[in-house]
Amino acid sequence: GLAFPDWAYKAESSPGSRQNQLWHFILELLRKEEFRHVIAWQQGEYGEFVIKDPEEVARLWGQRKRKPQMNYDKLSRALR
354 GLAFPDWAYK AESSPGSRQN QLWHFILELL RKEEFRHVIA WQQGEYGEFV
404 IKDPEEVARL WGQRKRKPQM NYDKLSRALR
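Counting from 354, one number per residue, gives the positions in the sequence shown under the working numbering.
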């Protein structure tokens, strides 16, 4: 399997930045088969993924954070 930095495996409730929680959420989506149409690992690339439906990823993140106004522009800023 792929190895990620320690922060990627922290529980969502652990202290840390919002970005760490977002990365945790992204990894969660990548692990689940039902989200492959939305986000998936890049074929043959180590540790790279592709967001196939940016607005859906943003909507799901907004749902998780109880922020219905979430959009991909806001989410992408948080990913940087």
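Quick reminder that beta carbons are idealized off the backbone N, C-alpha and C, glycines included.
Counted as a single uninterrupted DSSP element, the alpha helix (DSSP H) harbouring V410 occupies residues 407 to 417.
In the DSSP annotation of this structure, the continuous segment of the alpha helix (DSSP H) that includes R430 starts and ends at 425 to 432. Leaving aside the five residues that flank F388 on each side, the residues in its chain whose CB is nearer than 7 Å to its CB run, in chain order, L382. Sequence-distant partners of P407 (beyond 5 residues in either direction) whose C-beta falls short of 6 Å from its own C-beta, in its chain, are Y425. Here L432 is exposed. Its C-beta has fewer than 16 other C-beta atoms within 10 Å.
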